[in-house]
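First residue of the sequence shown? That's 396 in my numbering, and the numbers climb one at a time after it. For each residue, glycine too, the CB sits at the ideal point set by N, CA and C. Being a predicted model, the structure only gives us computed values, none of them experimental. Data block below; observations after.
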Amino acid sequence: MHKIVDMDRNYIVPLIAGLLLFGIIFFIDYNYFQDLYFSGITLIILAVLGMSFFIMQDAKSLPEISVFLEDNAKKVVVINRGNDTAYKIHVALVPHNIEFDVASLGADARHDHVLATMLPESKVIVTYQNAKGTEYSKTTRLSALDTGDDDLLKPMFPLFRWK
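Take a look at the structure:
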């Protein structure tokens, strides 16, 4: 099915009401004012609203798994920062030959995996699925000497000399 058909009823009703409002404004604009400024503005607002609803539907079930080391370097922390539950999470620490699985991790949930020895530096490969079965994979670097990925206020782009 198309994404428009899969859209929630709460999103379709305002779009249909907006189309009806656009039709009324277009009729009044064209017949009484002989211009299309107000109906053009209405069409632009309706298009922006429709795109916003489409993007919201597209980003509805996206788990986002982050992996980092605790300060003592003896614990690997797996956090789901997405907005949906992640399933079948497989974490592999390369080249240390350490692998573990997590059955599921809800939104904003955390799983700690205790290691036998300290882990100075490693590459971590994480694979997981969302509720629909779409598989995701992520590769990051873990280091006991670097700052962790746990700072939620860190901007995506280096703004204002963020270090």
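| Item | Value |
| --- | --- |
| Are the Cβ atoms of isoleucine 460 and tyrosine 406 separated by less than 8 angstroms? | no |
| Can you grab the Cα-Cα spacing for the pair isoleucine 520 / arginine 404, in whole Å? | 39 angstroms |
| On a Cα-Cα basis, can you pick out the residue from Asp479, Phe463, Val509, Met451 that is closest to lysine 518? | Phe463 |
| Closest to phenylalanine 422 by CA distance: which of Ile450, Ala412, Ile411, Ser434 is it? | Ser434 |
| At what residues does the beta strand (DSSP E) containing serine 532 begin and finish? | 530-538 |
| For glutamine 524, list the residues DSSP reports as bridge partners. | Tyr482, Glu530 |
| Taking 8 angstroms as the limit between beta carbons, can you name the residues of its chain near leucine 431, skipping five residues before and five after? | Phe421, Asp424, Tyr425 |
| Got a sec, what are the start and stop residues for the alpha helix (DSSP H) serine 434 sits in? | 432-453 |
| Using a threshold of 8 angstroms, state whether the C-beta atoms of isoleucine 484 and valine 473 are closer than that. | yes |
| Just verifying my parser: in three-state terms, what is the DSSP assignment at leucine 500? | strand |
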